[in-house]
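As structure tokens, the structure follows; a few thoughts come after it.
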Amino acid sequence: MVQMNAYPNAYWLEAIQNYLGQMVAVQQEGNRVQQGILAAICPDYIVLDVCQTPFYIRIDKIVSIMPFLKK
28 MVQMNAYPNA YWLEAIQNYL GQMVAVQQEG NRVQQGILAA ICPDYIVLDV
78 CQTPFYIRID KIVSIMPFLK K
């Protein structure tokens, strides 16, 4: 478990804890959107599993994160 009060990205770290292991859509600066399973949360970045390939996204580049719902 990451200690929330020790990091400047504490808001994002706390907000995305509930999505760990779930399919999410992450919007980054520049309107890029990446979809994948939220595999890990670290103090400076998150790891998305996209077709068994890890994608590392810096938390300070994230604009929004939302659960990805299939219809």
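With the numbering used here as the guide, the letters of the sequence shown map in order to residues 28 to 98. Cβ atoms here follow ideal geometry from the backbone N, Cα and C, with glycine treated the same way.
_With H, G and I counted as helix, E and B as strand and the rest as coil, what does DSSP make of residue 88?_
For the purposes of this step, residue 88 is taken as the residue at position 61 of the sequence shown. In the structure shown, residue 88 sits in a helix (DSSP, three-state: H, G or I).
*asked:* Relative to the C-alpha of residue 89, which candidate in 68, 49, 48 has its C-alpha closest?
replied: Residue mapping note: residue 89 aligns to position 62 of the sequence shown, counting from 1. Comparing Cα-Cα distances from residue 89 to each of 68, 49, 48, the minimum goes to 68.
*Assign residue 53 to one of two classes, buried (16 or more other C-beta atoms within 10 Å of its C-beta) or exposed (fewer than that).*
Locating residue 53 in the sequence shown gives position 26, counting from the first residue. It counts as buried.
*Alpha-carbon to alpha-carbon, residue 59 and residue 70*: Here residue 70 is taken as the residue at index 43 of the sequence shown, counted from 1. Here residue 59 is taken as the residue at index 32 of the sequence shown, counted from 1. Cα to Cα, the separation comes out at about 21 Å.
*May I have the straight-line CA-CA distance separating residue 50 from residue 87, to the nearest angstrom?*
Position 23 of the sequence shown, counted from the start, is the residue given in the question as residue 50. Position 60 of the sequence shown, counted from the start, is the residue given in the question as residue 87. Cα-Cα distance, rounded: 20 Å.
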